[in-house]
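One structure is given here, and the rest of the page talks about it.
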Amino acid sequence: MAQTYKFCFGPWNISEGTDPYGPPTRPPQTFDWKIAAMKKLGFDAMMFHDDDVVPDIDTKSPAQIRRESKEVKKKLADAGLVAEMVAPRLWFSPNTIDGAYTSNDAAQRQYAIDRSLRCIDIAKILGTDLIVLWLAREGTYLRESKNGRRSIELLVAAFDKLLGADKKTRLAIEPKPNEPMDHAYLPTIGHALAVAQLTCDAKRVGCVIESAHAILAGLDPADEIDFATSFGKLWSLHLNDQNGLKFDQDKPFGSANLRVAFNQVRALERNQYGRDGQFVCFDVHPFRGTKPEHWLGHLENSRRTFLRLVEKSRTFNETRAQALIADRDYQALDQLALDHLLGR
Ligand code: GLO
Ligand code: MG
């Protein structure tokens, strides 16, 4: 039976165009507007930061956090949507300027753990066991500022606290090699899965692959997909695109390199990604110049490109490809792939 896919994005993917050099280019939209947009586009699930669910979370009591989470859960249910995951936004607070779990200040490390525990509470109310950890500030700008060995121990200790807090919670690490930091402690899927082995319950620590992050690490996202799925640890996926070693671009899927996108889809197909309920999420942003009336194009187009590449993957001439591989005729194999993508 051919695999079918379920699609997902986050409220931040309907972004307003702010960049480090300029203000928003589109007006902000409400959460309700975003839910309506998701329904209109026919997506299946929404991913969340903790403070997408409970704005100004640090100022709110546990009872308030529970109440607001239940309201969001109801809005999702009314729209026929589910929550894919919740991620603690550990990079915005004044408490995490020097890192979150790996801050040099013990009080700030505790803040990061407490906030992550609240994130687990929110996820439980929203009905998902998946906590995504993009470890934005766990790294350094200068090598002398932190002890790398100690930082790994602190990460493991923090993960153990979260795993101990709820027996069903699964942690999915989203590696990224740089930005905002110069060097991140967990830059690749290999690092994420190796660290999982040091935790108290390795089987509940897996990963999320983001195409752009793999490219920024100089890796092919398709190889990262094959690697993670070999361990049964690919629990979510942020598909997008990236034009070389620049700032994190979060372009529409396939926009910069269609062949790299094709090979990611081939990897997902051969590994039957989604078989255990995982979603295909598009962590994409509109180009800054996008007008409000064209605002959802990047999401719609990413899914369209994805589905067309699924078709391309299923109609690729595997028999011919195998014959060329057996003959070591890689020139012809290269052209077979190109001609297939070009449409003949
Ligand atoms: C940034 C990340 C970010 C995360 C999101 C979920 O580079 O890709 O968008 O995926 O915050 O934690
Ligand atoms: Mg991402």
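Under the numbering used here, think of the first position of the sequence shown as 671, with each following residue one higher. C-beta atoms are modelled at their ideal positions from N, C-alpha and C, and glycine is treated no differently. Keep in mind that this is a model prediction, so the values were computed, not measured.
Here Lys837 is actually not in contact with Gly797; their C-beta atoms are around 16 Å apart, not less than 8 Å. In this structure, Gln673 places its C-beta atom within 8 Å of the C-beta atom of Arg945.
Shortest gap from the CB of His908 to any heavy atom of the ligand MG: under 7 Å. The three-state secondary structure of Ser739, taken from DSSP, is helix. For Glu880, the shortest C-beta to heavy atom distance toward the ligand MG is below 7 Å. In the DSSP assignment, Cys877 falls within the unbroken beta strand (DSSP E) covering Val875 to Glu880.
Per DSSP, the continuous alpha helix (DSSP H) segment holding Leu1006 begins and ends at Tyr1000 to Leu1012. DSSP places Ile801 inside the beta strand (DSSP E), whose first and last residues are Leu800 to Trp804.
Per DSSP, reduced to three states, the secondary structure at Arg840 is strand. Val756 has Phe718 and Ile801 as its beta-bridge partners, per DSSP.
Residue pairing by DSSP leaves Asp748 without any beta bridge partner. Contact between the stretch 725-734 and the stretch 987-999 is absent: fewer than three C-beta pairs spanning the two stretches fall below 8 Å. Distance from the Cα of Lys873 is smallest, within the candidate group Asp953, Gly902 and Phe952, for Gly902. Sequence-distant partners of Phe829 (beyond 5 residues in either direction) whose C-beta falls short of 7 Å from its own C-beta, in its chain, are Leu841, Thr869 and Val875. By the 16-neighbour rule on beta-carbons within 10 angstroms, Asn817 is exposed. At a threshold of 7 Å, Trp804 counts as near the ligand MG, since its beta carbon sits closer than that to one of the ligand's heavy atoms. When distances are taken from the beta-carbon of Glu844 to the heavy atoms of the ligand MG, the shortest one is below 7 Å. Sequence-distant Cβ neighbours of Phe677 in its own chain, meaning closer than 6 Å and more than five residues away, are Phe713, Asp714, Val950 and Arg973. Taken in chain order, the whole beta strand (DSSP E) runs of length 3 or more contained in the stretch 903-973 are 904-909 and 950-952. Distance from the CA of Asp890 to the CA of Arg737, rounded to the nearest whole angstrom, comes to 43 Å. About 15 Å separates the beta carbon of Ile705 from that of Trp965, a gap too long to meet the 8 Å contact definition. Excluding five sequence positions before and after Asp791, the CB atoms of its chain that fall closer than 8 Å to its own CB belong to Pro732, Ile735, Arg736 and Ser739, given in chain order. Fewer than three beta-carbon pairs drawn from the stretch 746-756 and the stretch 766-776 are found closer than 8 Å, and the two stretches are therefore not classed as touching. Straight through space, the alpha carbons of Leu915 and Ile885 are spaced by roughly 8 Å. Linking Asn913 to Arg990 through their CA atoms gives a straight-line distance of about 31 Å. Nearest Cα to Asp726 within the set Arg785, Gly809, Ala806 and Pro697: Arg785. Taking 8 Å as the upper bound for CB-CB distance, Ala887 and Pro857 are in contact here, some 5 Å apart. A distance below 8 Å separates the beta carbons of Leu979 and Gly924. Annotation for Asp893 indicates a beta carbon at 7 Å or more from all heavy atoms of the ligand MG.
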